[in-house]
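In UniProt numbering, the protein residues as written are 1 to 251. All C-beta atoms in this analysis are idealised placements derived from N, C-alpha and C, irrespective of residue type, glycine included.
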């Protein structure tokens, strides 16, 4: 296009420039729409994942009352922190209550590169069919199902990630005392952020420990249930890429 403008002389450049601006505007608008569509898709997938987690919590906890179902209370809190609308959360709970299918939480154990072990949770009314659907994906990633040995290599714990109050200068001296006072079993520096700590506790004590930390003016960044490996395996960049699954998986 630039060559065409030069070869046709200076006098017609202004008109062509006008056309270029118009096309540029059109292209920009198309890009904005494309970005918005991509973000909307990501948001939709995130909400589907959060809704699935709420359904799992109701199934595991046996009821849809967050006051008595700790897993549901935590799932709702995570959804709110991800800006999921309250109406969507309520609709998800109603949908789970109305669902008469015999869906159940099923754990699949997977062995990856360098002998690393992975556990995956699915909510399904047909565990075998779901396993058969996952198998080709695992094969493509060059990993396979494990034979009921993975789960024993993890501890299921509550983990609260929090930042101490800014006025505490001797953090290392008081952090352990605060962990004991709040009922945490262990506290460790966060591996990514400075001046942020991970408090580990019993599953049933998650909300209690979180509340006590907040009463001590800690800024709680996250609180969730996690499977903590008893032994970690180091993977190189190629192995990490091998184990990366783009997007979320819905079967």
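Task: residue 120 versus residue 188 - alpha carbon distance - done: Stepping through the chain shown from its first residue, residue 120 is reached at position 120. Stepping through the chain shown from its first residue, residue 188 is reached at position 188. The alpha-carbon atoms of residue 120 and residue 188 are separated by roughly 25 angstroms.
TODO: Within the same chain, show all residues whose beta-carbon is closer than 6 angstroms to that of residue 93, passing over the 5 residues directly before and after it, in chain order.
DONE: As a position in the chain shown, residue 93 is number 93, starting the count at 1. 64.
Open item on the list: For the segment 122-135 against the segment 153-164, do three or more pairs of beta-carbon atoms, one drawn from each stretch, fall closer than 8 angstroms, so that the two count as touching?
Closed with: no
- [ ] Using 10 angstroms around the beta-carbon of residue 55, count the other beta-carbons present and answer buried if the total reaches 16, otherwise exposed.
- [x] As a first step, residue 55 must be located in the chain shown, where it is residue number 55. Flag for residue 55 reads buried.
- [ ] Classify residue 143 as helix, strand or coil using the three-state DSSP reduction.
- [x] Position 143 of the chain shown, counted from the first residue, corresponds to residue 143. If DSSP states are grouped into helix, strand and coil, residue 143 belongs with coil.
- [ ] Give the single residue among 73, 36, 215 and 118 whose Cα lies nearest to the Cα of residue 233.
- [x] Start at 1 with the first residue of the chain shown, and residue 233 comes out as number 233. Closest by alpha carbon: 118.
Open item on the list: Among the candidates 101, 104 and 205, whose CA atom is the shortest distance from the CA of residue 224?
Closed with: Mapped onto the chain shown, residue 224 falls at position 224. Closest by alpha carbon: 205.
Task: Helix, strand or coil at residue 117 [DSSP, three-state] - done: By one-based count along the chain shown, residue 117 stands at place 117. DSSP places residue 117 in strand when its eight states are reduced to three.
Open item on the list: Tell me the residue span of the beta strand (DSSP E) that contains residue 201.
Closed with: As a working mapping, residue 201 is identified with position 201 in the chain shown. Counting along the chain, the beta strand (DSSP E) containing residue 201 begins and ends at 197-201.
Task: Under the three-state DSSP convention, the category residue 97 falls into - done: On the chain shown, position 97 is the one that residue 97 refers to. Residue 97 falls in the helix class under three-state DSSP.
- [ ] Identify the continuous alpha helix (DSSP H) that holds residue 173 and give its terminal residues.
- [x] Translated into positions along the chain shown, residue 173 becomes position 173. Unbroken alpha helix (DSSP H) run through residue 173: 171-182.
Task: Cβ pair residue 158, residue 216 closer than 7 angstroms - done: Residue numbering aside, residue 158 sits at position 158 when the chain shown is read from its first letter. Residue numbering aside, residue 216 sits at position 216 when the chain shown is read from its first letter. No, they are not a contact pair.
Task: residue 21 - DSSP class collapsed to helix/strand/coil - done: Reading the chain shown from its first residue, position 21 is the one you call residue 21. Note that residue 21 scores a pLDDT of 46, beneath 50, so its modelled location is shaky; the value from the coordinates is reported in the next line. Three-state DSSP puts residue 21 in a helix.
Task: Backbone CA spacing between residue 70 and residue 61 [nearest angstrom] - done: Working through the chain shown from its first residue, we reach residue 70 at position 70. Working through the chain shown from its first residue, we reach residue 61 at position 61. For residue 70 and residue 61, the distance between alpha carbons rounds to 7 angstroms.
- [ ] Could you please give the first and the last residue of the uninterrupted beta strand (DSSP E) stretch that includes residue 208?
- [x] Position 208 of the chain shown, counted from the start, is the residue given in the question as residue 208. Per DSSP, residue 208 belongs to no beta strand (DSSP E); it is in the alpha helix (DSSP H), 206-215.
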